[in-house]
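Asks: Below you'll find the structure I mean.
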Amino acid sequence: MQEITASENQLQEVAKAILAAYPRERVFGFYGEMGAGKTTLIKEMCNALGVKDITSSPTFAIINEYWTEAGQPLYHFDFYRIDEPADASRVGFEEYLYSGSYCFIEWTEKVEEILQDDFVRVTIERVDDQTRRFIF
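Heads up: the sequence shown begins at 405 in our numbering, then just goes up one per residue.
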């Protein structure tokens, strides 16, 4: 487990550090209060992986699909609006998990029973308005 404290302008380095720490992992669950910076960190991780699409939170769509320069899909989930894990299953969540593609999940606590322990846990804690602690 690693911990990095950084400001928003250092997120590119944080994203690269997380990906470097888990080079074989493809499923990442993000934890943190509303406004902690989950979507912003995921955007930087997408950039580090060569995604050229505009990235945004899939709060209403539940899932966004992006493509890397290498032609690989990457999936970004936001489960804030679901009420139970079965709601995630209805959108085919398990198929994405086992696709071998990167899956970045916001509000992971809502689908933990589907994931079991087969994912990288990334926690974001607010230190102050400009600084966050990243634990992974």
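Here a beta-carbon is modelled for each residue, glycine too, at the ideal position from N, C-alpha and C.
Keep in mind the model is a prediction, meaning the values are calculated, not measured.
On the DSSP letters alone, give me the boundaries of the beta strand (DSSP E) that residue 468 sits inside.
Replies: On the sequence shown, position 64 is the one that residue 468 refers to. Residue 468 -> beta strand (DSSP E) spans 467-471.
Asks: I think residue 525 touches residue 433, with their Cβ atoms under 8 Å apart; what is that distance to the nearest whole Å?
Replies: The residue given as residue 525 occupies position 121 in the sequence shown. The residue given as residue 433 occupies position 29 in the sequence shown. Indeed, because the Cβ distance is near 6 Å, the residues count as touching under 8 Å.
Asks: Just to confirm my understanding: we take residue 440, look at its own chain, exclude 5 residues before and 5 after, and list those with CB closer than 8 Å. What are they?
Replies: The count along the sequence shown starts at 1 and reaches residue 440 at position 36. Apart from sequence neighbours up to five positions away, the residues of its chain that approach residue 440 with a beta-carbon distance below 8 Å are 528, 529, 530 and 536, ordered along the chain.
Asks: Check each candidate in 511, 515 and 522 and name the one with the smallest Cα separation from residue 435.
Replies: For the purposes of this step, residue 435 is identified with residue 31 of the sequence shown, where counting begins at 1. It is 511.
Asks: Do three or more CB pairs link the segment 405-423 to the segment 474-486 at distances below 8 Å?
Replies: no
Asks: Using only the alpha-carbon positions, how far apart do residue 507 and residue 498 sit?
Replies: For the purposes of this step, residue 507 is taken as the residue at position 103 of the sequence shown. For the purposes of this step, residue 498 is taken as the residue at position 94 of the sequence shown. Each residue's alpha carbon lies about 11 Å from the other.
Asks: Are the Cβ atoms of residue 368 and residue 467 separated by less than 8 Å?
Replies: As displayed, the chain neither begins before 405 nor continues past 540, which places residue 368 out of reach and without an answer.
Asks: Pick helix, strand or coil for residue 485, following the three-state DSSP scheme.
Replies: The residue given as residue 485 occupies position 81 in the sequence shown. Coil.
Asks: Out of 460, 456, 490 and 425, point me to the one whose CA is closest to residue 442's CA.
Replies: Walking along the sequence shown from the start, residue 442 turns up at place 38. The shortest C-alpha separation from residue 442 is found at 460.
Asks: Between 426, 445, 437 and 520, which lies nearest to residue 412 when the distance is taken from Cα to Cα?
Replies: As a working note, residue 412 is residue 8 in the sequence shown. Minimum Cα distance to residue 412 is reached at 445.
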